[in-house]
Structures are given as C-alpha cells and as structure tokens.
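A.B. asks: Numbering (this note's numbering), first residue to last: 19 to 320.
1) Identify every residue that forms a DSSP beta bridge with residue 277.
2) What's the C-alpha gap between residue 162 and residue 308?
3) My understanding is that residue 282 touches residue 222, with C-beta atoms under 8 Å, so please give their C-beta distance in whole angstroms.
4) Roughly how many whole angstroms lie between the Cα atoms of residue 118 and residue 256?
5) Taking C-beta to C-beta, are residue 315 and residue 122 nearer than 7 Å?
6) Tell me, please, which residues DSSP counts as bridged to residue 69.
7) Is the Cβ-Cβ distance between residue 113 and residue 124 less than 7 Å?
8) Quick one: give me the first and last residue of the alpha helix (DSSP H) that residue 74 is part of.
9) Cβ of residue 262 within 7 Å of Cβ of residue 188?
10) Can you say whether residue 312 is buried or exposed, counting buried as having 16 or more other CB atoms within 10 angstroms of its CB?
11) Can you give me the C-alpha to C-alpha distance between residue 89 and residue 173, rounded to a whole angstrom?
12) Can the beta-carbon of residue 268 be found closer than 7 Å to that of residue 181?
13) Please report the distance separating the alpha-carbon of residue 151 from that of residue 275.
14) Exposed or buried, what is residue 135 when buried is set at 16 or more other beta-carbons lying within 10 Å of its beta-carbon?
15) What does residue 180 pair with, by DSSP beta-bridge criteria?
16) Shortest alpha-carbon distance to residue 69 belongs to which of 131, 305, 300?
17) Counting C-beta neighbours from all protein chains within 10 Å, is the total for residue 306 16 or more, i.e. buried, or is it exposed?
18) Measuring only the C-alpha atoms, how far is residue 184 from residue 160?
19) Just to check my reading of the structure: residue 322 and residue 74 have Cβ atoms closer than 8 Å, yes? What is that Cβ distance to the nearest angstrom?
20) To which residues of the same chain is residue 91 closer than 7 Å at the C-beta, ignoring the five residues directly before and after it?
21) According to the neighbour-count rule (16 or more other Cβ atoms, all chains shown, within 10 Å of its Cβ), is residue 177 buried or exposed?
22) With which residues is residue 7 paired in a DSSP beta bridge?
23) When we look at the beta-carbon of residue 116 and count the other beta-carbons within 10 Å, is it buried (16 or more) or exposed?
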C-alpha cells in the first residue's frame, strides 16, 4: 500500500496543477481570442463592410441616424455615408476615399473626386467613425474587460466576444472629437457642391451631433435642447456618464469577424436638462479577399 502513496500524491499534485492551469487558461482565453480575431482582421488585404447607427430611446426607437457602406482594397478605403435629416425630408450623401496619406471626397451626385487639402478634422473624423479598422483600434486602446459570450448554437461556426470599454478613455476620446470640430477652420469645412459647412455625427452621445453644444440651435424632431451659448466641452464631458461595449461575432474556423455592435449609453447635463441616450453602431463585414478594386482618383490638388 505504501508504495502506491507517492503515486497518489503525485496524481493529486498534477490534478491541482492542471486544474489551476485550466482556470488560468479560461481567464486568458477571451483576451487571446480577441487578439487572434484582431490580428487576422488586420492582415486582410480586402473586404467589404456596411452598417448603421440606431438611437434607442422611448421617442425614437430604432431610428436610423447614419447608414454607411464601403470596402477596403490594399491601402485604399472607400466609404459612403448617408446622414438622415428627417425634419428636412432629405439625406446627406457623402463619399470618402482614403488613399495612403491622401483623403478625397465626393458630395451627393457629384461625379468627380475632390482632394482634401490640409487639415480637415471633420472629414477625417467621419471616415474614422465608421471605418472598422478604426473600430478595432479603438477597442484595442480602450478595452477594460474582455469575455467570451455564451454560444447560443454550438453546432455552427460562430462565436462571440464581449468587450467593455474604459469610461475614462471614452471621455478623453470624446473630448478630442468635439475639440477637433471647434478648431479654427473646422466650422467652415467646405466640400465642393455644398453650401453649408459639413459637420460629422459624433459616434458617442448622438444628439450632441446636431451641433447644439456649439451654440447652434438643434434641429432634430422630438424633444430638443436649445443652446443659448457655446458649451465648455471639458465641463460637459466631465459630468457625463458614459458606458460602451462591443459585441464581436466571428467565425471560429477562420477567426475573422462577421459583425460587431457597439452599444453606447450616455447621460449628461445640457442647459439645465439631463439628457439620457442609448445608441448602437452596427457593422457587418463580408467578402474577404473578393471585392472590386478601388480606382485611385486623379489628384486634383493644387
């Protein structure tokens, strides 16, 4: 009996060690999986994407604020953005094309691309808002917690990750977005064929996109907030409560993302009113390695 005791002790030690390792693997698995999905996505030379934002409130449930679509081909990224303006019964239509360090725009039905010369924060911000490359960079820079989500259908090839973003980093990012829009020249952003300056939507705190925090009147339907004076950006964001989480669905065979949803809840004070919002940005990814080539526009810069 005595000769078997060391074997039993060794077996018990191995069980404890393996069990501990398994628990560590479970904790590390979500982060490792995210990194695999991110790296596999970053390595793709071409793909297509499309998506939309939804404002989920009692007054405007599932109202589409922005619709976007585009594709990546090598270093070039093409995107079309449609901003809904229901109170004016129209849709703002803008196309963007990033080619290396150059950015081109095409407004509405204009056939020719126009090179964006110099610093154009509004247009670069619009591109980054809906570009899935920028979304993955945002997740990587701001992630606070990553977890595996329950597999609702173990028989299929798809699984999902949940990534909670750091609220302090979100606030800092939002401040920089808003400050970019108030820089000298940002409010007079011009695009060929446009009479009015172009102001992009904010990815967070959607009703702030209407420009009322700049001192301009809000034009969206439903309850509105009229701003009499320009709001201090830092003060506004400092007292804001904001939470955001990404849900990333991916193919577990290819480790490529198929779609992701950014869910944002924000609450902030503006003109003695507490504004609460819940919005979502949905992005779908497809056609990996099988998109139409992007033709570089002729350089119209002078």
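All C-beta atoms, glycine included, are put in the ideal place defined by N, C-alpha and C.
C.D. replies: By the coordinates alone:
1) 267, 302
2) 34 Å
3) 5 Å
4) 35 Å
5) yes
6) 86, 301
7) yes
8) Segment: none, residue 74 is in no alpha helix (DSSP H) and carries neither H nor E.
9) yes
10) buried
11) 30 Å
12) no
13) 12 Å
14) exposed
15) 165, 265
16) 300
17) buried
18) 5 Å
19) Look at the range of the chain in this structure, 19 to 320, and you will see that residue 322 is not part of it.
20) 64, 309, 311, 312
21) buried
22) Since the first residue shown for the chain is 19 and the last is 320, residue 7 is missing from the structure and cannot be characterised.
23) buried
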